[in-house]
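All the letters of the sequence shown, read from the start, carry residue numbers 183 to 514 under our numbering. Reviewing the structure listed below.
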Amino acid sequence: MRALESFHTGNSPQVCKDLLGRTPLFLSESQSIASVAFIADGSVPMVELPLLAGNSTICVPDSVAMPEALGRVTHLGVGAHQDDLEFMAFQGIAECYGSHELWFGGVTCTDGKGSSRNLAYANLSSDELAALRRQEQEEAARIGRFGIMIQLGHASSEATNPQSDLLPNDLFQILTATRPRIVYTHSPADKHRTHLGVFAALLQALRRMPTVDRPSKVIGCEGWRDLDWLCDGEKVRMDVSGRGDLAEKLNSVFASQIAGGKRYDLAVTGRRAANATFYEPREGDHASQVLVGIDLTPLVMDDSIDVIDFTRGFIRRFEDEVVHGLTPYFRK
Ligand SMILES: [Zn+2]
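Laid out in structure tokens, this is it:
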């Protein structure tokens with residue numbers, strides 16, 4: 183048996199209070215993914231909550247009971263690293279912020295041990311950096327009023343292992359428990375290997391769900407590579423103008439990265455501004471901050487679609503567009 187304290191509960195004593203206030207019926211470590219059934223008032227089983235990877239942590243910023251925290255999620259962001267959600271899925275966070283009907287659920291898949299570390303953070307051990315990054319992510323969840331924040335704590339080597347089923351299994355459990363309407367994740371054209379591993383694991387998990395339970399919209403988002411190159415008609419444009427204060431608060435939480443030498447805060451807002459202005463050359467700006475996504479819904483609705491062919495299709499259509507523009511001048 184493993185102790186309940188394997189659930190990290192954050193700095194604030196009220197966080198995850200309901201989780202800690204319950205009794206686990208069983209918690210087996212004989213499987214890599216153990217199920218925990220909780221009882222309330224010592225009797226009635228309330229929910230079967232998957233206990234995910236060994237280092238997983240769950241944070242419910244407003245301390246509602248776990249069944250409610252899971253069941254209320256409408257928008258789910260699934261990212262590789264701490265900070266990916268705030269940078270790539272900000273539209274979902276902003277849309278749910280302050281709403282009583284819409285709730286953002288966050289999933290961060292890796293432990294953050296491989297993060298960049300410079301300057302004031304250069305001397306941190308991998309474990310110290312991972313702990314700091316986990317705290318930063320929980321703080322972002324509180325500031326962004328997430329419905330739930332799950333950090334799976336997988337090593338990057340696990341998330342990028344195409345042979346492993348651990349991450350797809352974890353994500354399947356979360357999808358089954360939350361059944362979100364809309365899901366944000368990394369783009370299949372991202373250049374970061376761990377981002378691609380998460381995208382692949384999530385797609386596996388989504389395709390395991392019964393078709394009727396799958397989300398109605400799945401968006402691949404900008405990260406390590408923007409999506410400005412997509413043909414305009416294929417862009418999912420997410421206008422987040424007017425939410426600068428929230429974006430700034432969220433972005434500045436990740437001090438270990440920003441002060442550690444990566445100005446992600448400036449880069450993501452600069453990219454959003456560029457997406458807004460460089461969209462339409464002949465008109466004034468209709469928005470000041472725009473994220474671009476790639477619509478992955480067809481991949482989720484039709485299991486027979488090949489991911490490589492699907493992704494290559496966007497690149498080929500971009501190629502055609504560029505060649506079409508040059509042809510009148512150079513192919514007379
Ligand atoms: Zn990342």
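Heads up, the beta-carbon is just placed ideally off N, CA and C, and yes, glycines get one too. Quick caveat, the model's predicted, so the values are computed rather than measured.
Per-residue DSSP class, three states only, for residue i
i: D181; result: No answer is possible for residue 181: it lies beyond the span of the chain, which begins at 183 and ends at 514.
i: V336; result: Reading the sequence as shown, one finds His at residue 336 and not Val. Note: H336 maps to strand in three-state DSSP.
i: H377; result: helix
i: Y366; result: strand
i: H263; result: coil
i: F512; result: helix
i: M331; result: strand
i: H506; result: helix
i: G326; result: coil
i: D477; result: strand
i: R453; result: helix
i: F286; result: strand
i: V489; result: helix
i: G466; result: coil
i: V400; result: strand
i: T256; result: coil
i: V482; result: helix
i: G405; result: strand
i: P206; result: Low confidence applies here, because P206 scores a pLDDT of 32, under 50, leaving its location unreliable and the question unanswered by this model.
i: V394; result: helix
i: T358; result: helix
i: T342; result: coil
i: Q213; result: Note on Q213: pLDDT 28, under 50, position unreliable in the model; the coordinate value appears next. Residue state, collapsed to three classes: coil.
Burial state of residue i (16 or more Cβ within 10 Å)
i: Y511; result: exposed
i: C517; result: For the chain, the structure presents residues 183 to 514; residue 517 sits outside this window and is missing.
i: G326; result: buried
i: R498; result: exposed
i: Q543; result: Nothing in the structure corresponds to residue 543, since the chain is present only between 183 and 514.
i: G224; result: Because the pLDDT at G224 is just 36, under 50, the model does not fix this residue reliably, and the point stays unresolved.
i: K514; result: exposed
i: T393; result: exposed
i: I476; result: buried
i: H468; result: exposed
i: L428; result: buried
i: P206; result: Note that P206 scores a pLDDT of 32, beneath 50, so its modelled location is shaky; the value from the coordinates is reported in the next line. Per the 10 Å Cβ criterion, buried.
i: F460; result: exposed
i: T256; result: buried
i: L448; result: exposed
i: N305; result: exposed
i: E465; result: exposed
i: R445; result: exposed
i: R363; result: exposed
i: P463; result: exposed
i: G287; result: buried
For residue i, the nearest candidate out of the options (CA to CA)
i: V246; options: K399, T393, V422, I330; result: I330
i: E404; options: G507, H257, V450; result: V450
i: L284; options: C241, T290, I275; result: I275
i: G294; options: Q333, A251, L252, A359; result: Q333
i: M270; options: L388, P480, M420; result: M420
i: W411; options: L428, F496, V400; result: F496
i: Y371; options: Q386, P350, D408, A341; result: In the sequence as displayed, the identity of residue 371 is Ala instead of Tyr. Answer by Cα proximity: D408.
i: I401; options: P243, S238, E250, Q273; result: Q273
i: D266; options: M248, G335, T367; result: T367
i: V422; options: R453, D414, S398; result: R453
i: S438; options: L252, L258, G253, H263; result: H263
i: D480; options: G424, S398, D427, E503; result: According to the sequence provided, residue 480 is Pro. The question's Asp does not apply to it. For the residues G424, S398, D427, E503, the minimum Cα distance to P480 belongs to S398.
i: D488; options: G261, A251, A382, F460; result: A382
i: K431; options: A323, L353, M391, L314; result: A323
i: L385; options: A312, L448, M483, V435; result: M483
i: T292; options: I356, K444, S238; result: S238
i: H374; options: V505, H257, G261; result: G261
i: C413; options: W406, V474, L314; result: V474
i: A148; options: D485, M391, T376; result: This structure cannot settle anything about residue 148, because the visible part of the chain is limited to 183 through 514.
i: N531; options: G287, K417, L349; result: Residue 531 lies beyond the residue range present for the chain, which begins at 183 and ends at 514; the question has no answer from this structure.
Just list the beta strand (DSSP E) runs in the stretch 409-443, keeping only unbroken ones of 3 residues or longer that don't cross its boundaries, in chain order. 417-421, all fully within the stretch 409-443.
Those residues, in chain order, that have a beta-carbon closer than 5 Å to some heavy atom of ligand 1: A262, H263, D266
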